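To start, the structure under review is shown below, and the notes come after it.
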Amino acid sequence: MDLVLLATIAIVVIALAFDYTNGFHDAANAIATSVSTRALTPRAALAMAAVMNLAGAFAGEQVAKTVGKGIIAAPQGDQGLVIVAAALFGAIAWNLITWRLGLPSSSTHALIGGLVGAALAGAQTVYWSGVVDKVVIPMIVSPIIGFTVAYLLMVAILWAFRRRNPHKVTRGFRVAQTVSAAGMAFGHGLQDAQKTMGLIVMALVVGGYQTDYDVPIWVTVAAACAISAGTYAGGWRIMRTLGRRIIELDPPRGFAAEATAAGVLYTTAFVYQAPVSTTHTITSSILGAGATKRLSAVRWGVAGNIVSAWVLTIPAAALVSAASYGILALIFL
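When the letters of the sequence shown are read in order and numbered with numbering that gives the first Met the number 0, they come out as residues 0 to 332.
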């Protein structure tokens with residue numbers, strides 16, 4: 000077995016490991032609000048999220064193609080494989096650090112930062128227009144939209160049900176949250192599993208085993224299963240941060256946050272092919288829905304820590320991946 004094939008197989012395994020960490024790191028995105036409002040039990044929520052993540056992964060490949068060919072130009076051969084491997088090491092390292100600290104940072108931006116850092120370390124081209132259009136602008140705009148739409152949706156819910164029995168409304172929205180949580184989990188699979196697919200396809204192209212950026216069915220199946228397994232493993236630390244430490248949610252606000260976040264994920268995937276952060280989207284939606292209680296109900300200090308992690312994610316992952324590239328280059332190039 001030649002070295003290029005061995006390296007390509009190793010990268011596929013590492014990519015699936017990243018996908019698994021993405022699953023348990025971001026499991027909270029889909030289910031934290033449902034669990035915190037007691038709409039679903041934790042294990043039932045995790046099982047539902049795992050199934051919907053699996054389904055979402057099969058819903059398209061637009062985001063995968065953006066990640067595979069729209070962020071950096073990785074050369075064919077050994078150097079290209081080293082760049083992809085270094086990008087994955089940077090993303091996995093940041094995922095594990097923020098998971099250990101209980102901070103809901105973005106696996107998406109960790110991966111993008113990893114790609115950029117590895118490409119720069121290897122003196123390769125970064126498509127800055129693609130980074131700006133598909134990453135930076137959505138990174139800024141999607142949380143703003145999430146906050147605003149969730150706030151307005153919650154205001155509309157409060158107005159529409161203002162004369163209804165509060166206990167009946169709460170019970171009704173607990174049922175509705177099972178649907179909105181499923182929709183959020185589907186959107187997570189649609190977005191995040193595709194990012195791993197894009198990395199695997201990039202490895203296949205630079206390794207010389209594929210000439211285009213279409214996603215083979217085995218890649219889709221492998222990525223879908225890895226993220227679903229990671230999701231079922233759970234992300235309890237981050238779930239506590241999203242579900243309880245930012246604000247105490249009730250079922251109507253949980254529904255508003257999840258429905259809004261799911262809508263943003265579908266729009267960015269199907270319309271703009273942009274790899275947006277599910278973490279940013281659901282967190283900002285929770286803040287928007289929660290702010291309708293009163294601004295002081297939101298624990299803005301916790302929210303500030305989360306925003307700090309958001310800002311640090313791309314440069315931190317880029318630095319780790321650049322260092323990883325240096326080490327791997329010494330060994331293999």
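Ideal Cβ positions, reconstructed from N, Cα and C, are used throughout, including at glycine. Keep in mind the model is a prediction, meaning the values are calculated, not measured.
Residue j and residue i - do their beta-carbons sit closer together than 8 Å?
| i | j | result |
| --- | --- | --- |
| G22 | A225 | yes |
| M196 | V214 | yes |
| A63 | V263 | no |
| G229 | T40 | no |
| A46 | L327 | no |
| I10 | V83 | yes |
| A255 | A149 | yes |
| S128 | A261 | no |
| Q61 | A268 | yes |
| T169 | G287 | no |
| I91 | A6 | no |
| G253 | V3 | no |
| Y265 | G188 | no |
| Q78 | L248 | no |
| T36 | R173 | yes |
| I336 | A118 | There is no way to answer for residue 336, as the model of the chain reaches only from 0 to 332. |
| S227 | N94 | no |
| V34 | A48 | no |
Looking at C-alpha atoms only, which residue of the options is the closest neighbour of residue i?
| i | options | result |
| --- | --- | --- |
| L152 | V218, G206, E60 and P251 | P251 |
| I216 | Q193, S227, F269 and G206 | Q193 |
| Q123 | A58, V310, Y324 and L311 | Y324 |
| F57 | V275, D191, A290 and L329 | D191 |
| V50 | M183, R293, S284 and D211 | M183 |
| V130 | P274, T291 and V310 | P274 |
| V218 | S284, V81 and G59 | G59 |
| V66 | H108, L100 and I96 | H108 |
| V270 | P137, A181 and A159 | P137 |
| Y322 | D1, K292, G69 and L87 | Here the sequence assigns Ala to residue 322, which means Tyr is not the residue at that position. With distances taken between Cα atoms, A322 lies closest to L87. |
| D1 | V310, F160, Y208 and T259 | Y208 |
| K68 | V310, T210 and H166 | T210 |
| A181 | A14, T259 and D18 | T259 |
Note down the Cα distance separating residue i from residue j, rounded to an integer number of angstroms.
| i | j | result |
| --- | --- | --- |
| K133 | P74 | 22 Å |
| H24 | R42 | 16 Å |
| A54 | L329 | 41 Å |
| G76 | V12 | 18 Å |
| T177 | T312 | 31 Å |
| V125 | G145 | 29 Å |
| G242 | W98 | Bear in mind that the predicted position of G242 carries a pLDDT of just 49, short of 50, making it unreliable; the figure below should be weighed with that in mind. Roughly 15 Å separates the two Cα atoms. |
| A120 | A308 | 23 Å |
| Q272 | V154 | 30 Å |
| L80 | L198 | 11 Å |
| S104 | S284 | 15 Å |
| W158 | G303 | 30 Å |
| G171 | I96 | 38 Å |
| A290 | S106 | 26 Å |
| E257 | V135 | 23 Å |
| K292 | L100 | 28 Å |
| F160 | V306 | 33 Å |
| K231 | A175 | A small correction: the amino acid at residue 231 is Tyr; Lys does not occupy that position in the sequence shown. Looking at the two C-alpha atoms, the distance is approximately 22 Å. |
| V310 | V204 | 31 Å |
Hey, could you find the ends of the alpha helix (DSSP H) residue i is sitting in?
| i | result |
| --- | --- |
| D211 | Counting along the chain, D211 falls outside any alpha helix (DSSP H), and DSSP gives it neither H nor E. |
| Y265 | P250 to F269 |
| N94 | D77 to L100 |
| L332 | Counting along the chain, L332 falls outside any alpha helix (DSSP H), and DSSP gives it neither H nor E. |
| Q193 | Q193 to V205 |
| V168 | P165 to H187 |
| T150 | At residue 150 the sequence reads Tyr, which differs from the Thr that was named. I136 to A159 is the span of the alpha helix (DSSP H), which, as asked, contains Y150. |
| A58 | Unbroken run through A58: none, as it is neither H nor E. |
| L110 | S106 to A120 |
| G289 | T277 to G289 |
| G129 | W127 to V130 |
Closer than 8 Å is the cut-off here; do at least three beta carbon pairs connect the segment 315-324 with the segment 99-116?
When C-beta atoms of the segment 315-324 are compared with those of the segment 99-116, three or more pairs fall below 8 Å, so the two segments count as touching.
Do three or more CB pairs link the segment 276-283 to the segment 134-142 at distances below 8 Å?
Touching, yes.
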